[in-house]
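Chains as they are written, first to last, in the working numbering: chain A, 44 to 549; chain B, 146 to 447.
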Amino acid sequence: MSGRVLRARSGEAVRTADVPLLPLDGFQGIVADALTAGSRVVAYFGDAGPDGAVRLTAVLADDGEHAVGLLSTVVDRAIPSLAAECPALQLFERELAEQYGVVPEGHPWPKPVRFERPRRPGPDPWGRAGPLETIPGAYPFFEVEGEEVHEVAVGPVHAGIIEPGHFRFQCHGENVFHLEIVLGYQHRGVERLLEGGPDRRTVARIESVAGDTAVGNALAHARALEALGGVEAPPRAAALRAVALELERLANHVGDLGGIATDIGFLPTSSACGALRAQFLNALAELCGNRFGRGLVVPGGVRFDLPADAAARLAARLAAAWDQVAAAARVFFRAASVRNRTDGTGVVPTPLARQLGLVGPAARASGLPVDVRATHPFAPYAARPIPISVQEAGDVTARARVRLDEAAASAAFVQATLAALPDGPLRAPVPPPRPDALVVSLVEGWRGELCHAVRTGPDGRIARYKLVDPSFHDWMGLQLALRGQQISDFPLCNKSFNLSYCGHDL
Amino acid sequence: MIRAAISFVAFLALSPLLLGVVNRVKALFAGRTGPPLLQLYFDLHRLLGKGAVYGVATTWVFRAGPVIGLAAVIAAGLVMSFGGAPALVAFPGDFVLFAYLLGLARFFTALAALDTGSSFEGMGAAREVTFSSFAEPALFLCLVVMARASGALSLSGMLGDELAAAWHVQGPALLLAAVALLGVALAENARIPVDDPNTHLELTMIHEVMVLDHSGPDLALVQYGAALKLFLFGALVVRLTLGFPIASPALSLLAFLGGMLGFGVAIGTVESTVARLRLVRIPQLLVGATVLSAFALVLLLR
Numbered sequence: 044m045s046g047r048v049l050r051a052r053s054g055e056a057v058r059t060a061d062v063p064l065l066p067l068d069g070f071q072g073i074v075a076d077a078l079t080a081g082s083r084v085v086a087y088f089g090d091a092g093p094d095g096a097v098r099l100t101a102v103l104a105d106d107g108e109h110a111v112g113l114l115s116t117v118v119d120r121a122i123p124s125l126a127a128e129c130p131a132l133q134l135f136e137r138e139l140a141e142q143y144g145v146v147p148e149g150h151p152w153p154k155p156v157r158f159e160r161p162r163r164p165g166p167d168p169w170g171r172a173g174p175l176e177t178i179p180g181a182y183p184f185f186e187v188e189g190e191e192v193h194e195v196a197v198g199p200v201h202a203g204i205i206e207p208g209h210f211r212f213q214c215h216g217e218n219v220f221h222l223e224i225v226l227g228y229q230h231r232g233v234e235r236l237l238e239g240g241p242d243r244r245t246v247a248r249i250e251s252v253a254g255d256t257a258v259g260n261a262l263a264h265a266r267a268l269e270a271l272g273g274v275e276a277p278p279r280a281a282a283l284r285a286v287a288l289e290l291e292r293l294a295n296h297v298g299d300l301g302g303i304a305t306d307i308g309f310l311p312t313s314s315a316c317g318a319l320r321a322q323f324l325n326a327l328a329e330l331c332g333n334r335f336g337r338g339l340v341v342p343g344g345v346r347f348d349l350p351a352d353a354a355a356r357l358a359a360r361l362a363a364a365w366d367q368v369a370a371a372a373r374v375f376f377r378a379a380s381v382r383n384r385t386d387g388t389g390v391v392p393t394p395l396a397r398q399l400g401l402v403g404p405a406a407r408a409s410g411l412p413v414d415v416r417a418t419h420p421f422a423p424y425a426a427r428p429i430p431i432s433v434q435e436a437g438d439v440t441a442r443a444r445v446r447l448d449e450a451a452a453s454a455a456f457v458q459a460t461l462a463a464l465p466d467g468p469l470r471a472p473v474p475p476p477r478p479d480a481l482v483v484s485l486v487e488g489w490r491g492e493l494c495h496a497v498r499t500g501p502d503g504r505i506a507r508y509k510l511v512d513p514s515f516h517d518w519m520g521l522q523l524a525l526r527g528q529q530i531s532d533f534p535l536c537n538k539s540f541n542l543s544y545c546g547h548d549l
Numbered sequence: 146m147i148r149a150a151i152s153f154v155a156f157l158a159l160s161p162l163l164l165g166v167v168n169r170v171k172a173l174f175a176g177r178t179g180p181p182l183l184q185l186y187f188d189l190h191r192l193l194g195k196g197a198v199y200g201v202a203t204t205w206v207f208r209a210g211p212v213i214g215l216a217a218v219i220a221a222g223l224v225m226s227f228g229g230a231p232a233l234v235a236f237p238g239d240f241v242l243f244a245y246l247l248g249l250a251r252f253f254t255a256l257a258a259l260d261t262g263s264s265f266e267g268m269g270a271a272r273e274v275t276f277s278s279f280a281e282p283a284l285f286l287c288l289v290v291m292a293r294a295s296g297a298l299s300l301s302g303m304l305g306d307e308l309a310a311a312w313h314v315q316g317p318a319l320l321l322a323a324v325a326l327l328g329v330a331l332a333e334n335a336r337i338p339v340d341d342p343n344t345h346l347e348l349t350m351i352h353e354v355m356v357l358d359h360s361g362p363d364l365a366l367v368q369y370g371a372a373l374k375l376f377l378f379g380a381l382v383v384r385l386t387l388g389f390p391i392a393s394p395a396l397s398l399l400a401f402l403g404g405m406l407g408f409g410v411a412i413g414t415v416e417s418t419v420a421r422l423r424l425v426r427i428p429q430l431l432v433g434a435t436v437l438s439a440f441a442l443v444l445l446l447r
């Protein structure tokens, strides 16, 4: 990245005016060069610009330097698409078209993302009539034609208790040629609801972005507002937040291991992990009274303390629960019948993962060492680093193993942190946000990199709140993992990614 | 005759209990209490009290499917010998009728599935008929082995008192056939490792996905038919492995029912310890069963 990019750390507020405003070709040149050189796009979003135009901001990760690069440009109704060259941008460009009516010319598959209403008045890029036409999924699918090709449609209403999403398979017998996933059924307009804040509703809304990532999102939000207010959370609060974040990771990774086992009918691990997940959720409840960690993390610190004796009790219980998880996982990885299902299923090769800009366990299972806790560390991760768990194979086994290794590291981290909780206050007063500032706050949620990019207006209120859930990067990985696979292996692949629908739909 | 009638009634009455045993064993392995042993009876009672919903795309074929399916399985039970008791109906070559009555049930289940026009059900029907075409040679070779070993051409004779003598002479062959038959039983009854009867994932199902659209009394017929079919295959396997003669009919029936209990426990144990096979590997399992039964035949004919 050249000097025309503003370097900032994750969780560091910069003046909006300092973000370089480049001409479109220069902007796109830098983005394309960075992405083809192996960098990642963290966020790529539109914002209200001068004279009704759109200000397009790119956040590029510079993982080696523990920094992100910020740059922006002003666009109007159309831009040349970079998606063919940099596939990681394809969904961001579609989002830009949907939210701001900026048509990415030459985009290989310019379909709406969430079927939401535009944020800027003007002609619809798809020529649709109006709000009635923006029903999720009401758009042609990619079709494969031929004598024996058939189409299978799954969802948005599913047989299990899961979120709504539509999956369209183009199949030849049992083989999948192509899978297209359509989401947007859970679009609630979260980003717009957050504008004009922060107020008393903000944290509750952030925690509802994705119900299983309440702690992760709340932490990213809290760190953003602390940066804008110019304070840091006290050490005890930072430690308790990290414990909560890792407990959330433990609960979900253990639940996912059980889910993968359930999908292949492997009862021993399925029932054990299903029950053990509750142990970690209960530990979260011990911290704050809510099993999903709601109400714990607030800007400035945490709302609940953990007394020393309770911390010791919790640590002992977690250690016992972790031993059982390790035993259940050992059975899983040693069973030949399991490996027969998971080895070589749903492979995402490393170059593809890099091209798509995958994050989280999905990326690490494909050999990409991407983990915000290591590449953009903050207290207490800086002092007590967590190793990045990487596997090379990119298949279901690798994704399961990454989850197990990460959960093991999290369990060790929680034990160590609980044993040495720093003393001090729980919460620092947070001054109102600085006006005209921009902050990018990254947190490694259990699914991967959560990005909260917040820009304040001249009045110090939130003018634009861009959320990028890891699922936004990773859904395309699932679609491509299914190519050439058996359609009966889809649930297994899907579970091994376990992406968020509502985090994507916002 | 009375012995045959009692066995047949036991078949009709106790089949749902066998599934209860399987589910209880799975629950114990998982550390759960599990549903009551009689859960399927409660389910059948509940379903029979409900109305049925029919899709607008369906025709009489869809409604006939469960009825013909159940009728065919009950008819197959008429020629089946339970625990050495003679069957209600027996004639030379009735084992062919037995196999094809089960085939008829499958045929109509698949037709009813196709009749819905749903892509899931079509997929399930395709899978079911593909895998059963692999299972059929194994089943027939096993029956031929039993016919050859016992010298009888009806199921009553094949599973009758001659079986004990046959074990003395042709033990290895019958053992191979029993193992092959267990594989066929798992496949034909949609059990793990071939199919997962408990999954909710339509894309992975084989048998269950074909009956997704049935509701109310139709679903009760389908579920009862599935329980009867499992009992039939269990009866084959159990009688083949516990082929010793017992003079008292009552004791013989008790021994048979004990064997069925063991069969349920065995299935539950398999389901609790093994993951499902990948769909493309299921034919390999069935071809393996066919090869085993072919070896059994070779041992007999040598």
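Each residue gets a CB set at the ideal place from its N, CA and C atoms; glycine is no exception.
Fair warning: this is a prediction, and the values are worked out from it, not measured in the lab.
### Query
Which ranges would you report for the alpha helix (DSSP H) in the segment 196 to 284 of chain B if only whole runs of at least 4 residues count?
Counting whole runs of 4 or more residues, the segment 196 to 284 of chain B contains the alpha helix (DSSP H) stretches 205 to 224 and 239 to 260.
### Bridge partners - A/Asp-105, DSSP secondary structure assignment
The residue you call residue 105 of chain A lines up with position 62 of the first sequence. In the DSSP output, where bridge partners are listed per residue, A/Asp-105 has A/Ala-110.
### Where A/Asp-242 meets chain B, residues with beta-carbon distance less than 9 Å
By one-based count along the first sequence, residue 242 of chain A stands at place 199. Here the premise fails: no neighbours, minimum Cβ distance about 41 Å.
#### Entry: Cβ contact (3+ pairs, closer than 8 Å) linking the segment 320 to 330 of chain A and the segment 290 to 305 of chain A
Short answer: they touch.
### Message
For A/Asp-90, list the residues DSSP reports as bridge partners.
### Response
As a working note, residue 90 of chain A is residue 47 in the first sequence. Beta-bridge partners of A/Asp-90 (DSSP): A/Arg-98.
### Under the three-state DSSP convention, the category A/Gln-213 falls into
Position 170 of the first sequence holds residue 213 of chain A. Looking at A/Gln-213 - three-state DSSP - the assignment turns out to be strand.
### Query
Taking Cβ-Cβ distances shorter than 8 Å, what residues in chain A pair up with B/Asp-341?
Taking the second sequence and counting its residues from 1, one reaches residue 341 of chain B at position 196. Contact note: B/Asp-341 reaches chain A through Gly-308, using a C-beta cutoff of 8 Å and chain order.
### Query
Which class does B/Arg-426 belong to by DSSP, given the choice of helix, strand or coil?
As a working mapping, residue 426 of chain B is identified with position 281 in the second sequence. Helix.
### Query
Would a check of beta-carbon distances place A/Gln-213 closer than 9 Å to chain B?
In the first sequence, counting from the first residue as 1, residue 213 of chain A sits at position 170. Chain B contact via Cβ: absent.
### Query
Is it true that the CB of B/Met-355 sits closer than 9 Å to the CB of B/Glu-273?
On the second sequence, position 128 is the one that residue 273 of chain B refers to. On the second sequence, position 210 is the one that residue 355 of chain B refers to. Contact annotation: B/Glu-273 and B/Met-355 have beta-carbon atoms nearer than 9 Å.
### Boundaries (first-last residue) of the beta strand (DSSP E) holding A/Ile-505
Position 462 of the first sequence, counted from the start, is the residue given in the question as residue 505 of chain A. 505 to 511 is the extent of the beta strand (DSSP E) around A/Ile-505.
### Proximal residues to A/Ser-198 (C-beta, below 8 Å), its chain only, five neighbours per side dropped
Translated into positions along the first sequence, residue 198 of chain A becomes position 155. Note on identity: in this sequence residue 198 of chain A is Gly, with Ser being the wrong assignment. Excluding sequence neighbours, A/Gly-198 sits near Pro-207, Gly-208, His-209 and Phe-210.
### Query
Which residues, taken in chain order from the segment 151 to 168 of chain B, show a beta carbon closer than 8 Å to some beta carbon of chain A?
Of all residues in the segment 151 to 168 of chain B, none comes within less than 8 Å of chain A when Cβ atoms are compared.
### Query
So which residues on chain A does B/Thr-418 lean against when the C-beta distance must stay under 9 Å?
In the second sequence, residue 418 of chain B corresponds to position 273, counting from 1. Under the 9 Å cutoff, chain A gives Phe-309, Leu-310, Pro-311, Ala-378 and Ser-380.
### Message
Less than 9 Å between the beta carbons of A/Glu-186 and A/Gln-213, yes or no?
### Response
Here residue 186 of chain A refers to the residue found at position 143 when the first sequence is read from its first residue. Here residue 213 of chain A refers to the residue found at position 170 when the first sequence is read from its first residue. Yes, Cβ-Cβ distance for A/Glu-186 and A/Gln-213 is below 9 Å.
### Task
Can you pull the chain B residues whose beta carbon is under 8 Å from the beta carbon of A/Phe-540, in chain order?
For the purposes of this step, residue 540 of chain A is identified with residue 497 of the first sequence, where counting begins at 1. For A/Phe-540, there are no neighbours in chain B by C-beta distance under 8 Å, as the nearest C-beta there is about 15 Å away.
### Query
What does a CB cutoff of less than 8 Å around A/Gly-427 pick up in its chain, not counting 5 residues either side in sequence?
Here residue 427 of chain A corresponds to residue number 384 of the first sequence, with the count starting at 1. Per the sequence shown, residue 427 of chain A should be read as Arg rather than Gly. Only Phe-456, Ala-459 and Thr-460 meet the Cβ criterion.
### Message
Does A/His-193 come out as helix, strand or coil in the three-state DSSP assignment?
### Response
Counted from its first residue, the first sequence places residue 193 of chain A at position 150. In this structure, DSSP gives A/His-193 an extended state, which the three-state scheme calls strand.
### Task
Compare the C-beta of B/Arg-447 with all C-beta atoms of chain A and state if any pair is closer than 9 Å.
Here the question's residue 447 of chain B lines up with position 302 in the second sequence. No - not a single Cβ of chain A is within 9 Å of the one on B/Arg-447.
### Task
Measure how close the beta-carbons of A/Pro-164 and A/Arg-137 come, nearest whole angstrom, since I'm counting them as under 8 Å.
For the purposes of this step, residue 164 of chain A is taken as the residue at position 121 of the first sequence. For the purposes of this step, residue 137 of chain A is taken as the residue at position 94 of the first sequence. Their Cβ separation, rounded to whole angstroms, is 19 Å, which puts A/Pro-164 and A/Arg-137 out of contact at 8 Å.
### Query
Between A/Ser-45 and A/Val-85, what straight-line distance do the alpha-carbon atoms span, to the nearest angstrom?
Taking the first sequence and counting its residues from 1, one reaches residue 45 of chain A at position 2. Taking the first sequence and counting its residues from 1, one reaches residue 85 of chain A at position 42. Bear in mind that a pLDDT of 49 at A/Ser-45, under 50, signals an unreliable position, so the number given afterwards is only what the model happens to contain. When only Cα atoms are considered, A/Ser-45 and A/Val-85 end up about 18 Å apart.
### Task
State the CB to CB distance for the pair A/Val-482 and A/Ala-267, rounded to an integer number of angstroms; the pair is presumed to be in contact (CB under 8 Å).
In the first sequence, counting from the first residue as 1, residue 482 of chain A sits at position 439. In the first sequence, counting from the first residue as 1, residue 267 of chain A sits at position 224. The beta-carbon separation of A/Val-482 and A/Ala-267, rounded to 5 Å, stays under the 8 Å limit for a contact.
### Task
May I ask you to report which of helix, strand or coil DSSP gives A/Met-44?
In the first sequence, residue 44 of chain A corresponds to position 1, counting from 1. No answer about A/Met-44 holds up, because its pLDDT of 46 lies below 50 and its placement is not dependable.
### Task
Count the other C-beta atoms from every protein chain shown that fall within 10 angstroms of the C-beta of A/Pro-476, then say buried if there are 16 or more, exposed otherwise.
The residue you call residue 476 of chain A lines up with position 433 of the first sequence. With 16 or more other Cβ atoms within 10 Å, it is buried.
### Task
Give a yes or no on contact between the segment 332 to 351 of chain B and the segment 393 to 408 of chain B, applying the rule of three or more CB pairs nearer than 8 Å.
No, the segment 332 to 351 of chain B is not in contact with the segment 393 to 408 of chain B.
### Task
Measure the alpha-carbon distance for A/Val-413 versus A/Asp-106 and round it to whole angstroms.
By 1-based counting over the first sequence, the position of residue 413 of chain A is 370. By 1-based counting over the first sequence, the position of residue 106 of chain A is 63. Approximately 8 Å, taken between the alpha carbons.
### Message
To the nearest angstrom, how far is the alpha carbon of B/Phe-153 from that of A/Gly-302?
### Response
Residue 153 of chain B sits at position 8 when you count from the first residue of the second sequence. Residue 302 of chain A sits at position 259 when you count from the first residue of the first sequence. For B/Phe-153 and A/Gly-302, the distance between alpha carbons rounds to 42 Å.
### Reduced DSSP secondary structure (H/G/I, E/B, other) of A/Pro-147
For the purposes of this step, residue 147 of chain A is taken as residue 104 along the first sequence, with counting starting at 1. Assignment of A/Pro-147 by DSSP, reduced to helix, strand and coil, places it in the strand class.
### Task
Check the Cβ-Cβ distances between A/Asn-383 and every residue of chain B, and say whether any is below 9 Å.
Residue 383 of chain A sits at position 340 when you count from the first residue of the first sequence. Interface residue, yes.
### Task
My understanding is that A/Ser-543 touches A/Thr-256, with C-beta atoms under 8 Å, so please give their C-beta distance in whole angstroms.
Walking along the first sequence from the start, residue 543 of chain A turns up at place 500. Walking along the first sequence from the start, residue 256 of chain A turns up at place 213. About 7 Å separates the two Cβ atoms, so the contact holds.
### Message
Beta-carbon within less than 8 Å of A/Leu-464's beta-carbon, same chain only, minus the 5 sequence neighbours each way: which residues are those?
### Response
Taking the first residue of the first sequence as 1, we reach residue 464 of chain A at position 421. Taken in chain order, the residues that qualify are Arg-279, Ala-282, Leu-283, Leu-349, Ala-351 and Ala-354.
### Task
Leaving out five residues on either side along the sequence, give the residues of the same chain with a beta carbon under 8 Å from the beta carbon of B/Ala-150.
On the second sequence, position 5 is the one that residue 150 of chain B refers to. Answer for B/Ala-150: Leu-233, listed in chain order.
### Task
With distances taken Cα to Cα, identify the nearest neighbour of A/Ala-425 among A/Val-486, A/Arg-470 and A/Leu-103.
Numbered from its first residue, the first sequence carries residue 425 of chain A at position 382. For A/Ala-425, the closest of A/Val-486, A/Arg-470 and A/Leu-103 by C-alpha to C-alpha distance is A/Val-486.
### Nearest to A/Val-74 (by Cα), restricted to the options A/Val-97, A/Pro-501, A/Ala-405 and A/Thr-116
Here residue 74 of chain A corresponds to residue number 31 of the first sequence, with the count starting at 1. A check of alpha carbon separations from A/Val-74 across A/Val-97, A/Pro-501, A/Ala-405 and A/Thr-116 identifies A/Thr-116 as the nearest.
### Query
So is B/Ile-147 buried or exposed if we call it buried at 16+ other beta carbons inside 10 Å?
On the second sequence, position 2 is the one that residue 147 of chain B refers to. By the 10 Å Cβ count, B/Ile-147 comes out exposed.
### Query
CA-CA distance, B/Leu-446 and B/Gly-361?
Taking the first residue of the second sequence as 1, we reach residue 446 of chain B at position 301. Taking the first residue of the second sequence as 1, we reach residue 361 of chain B at position 216. Distance between the alpha carbons of B/Leu-446 and B/Gly-361: 50 Å.
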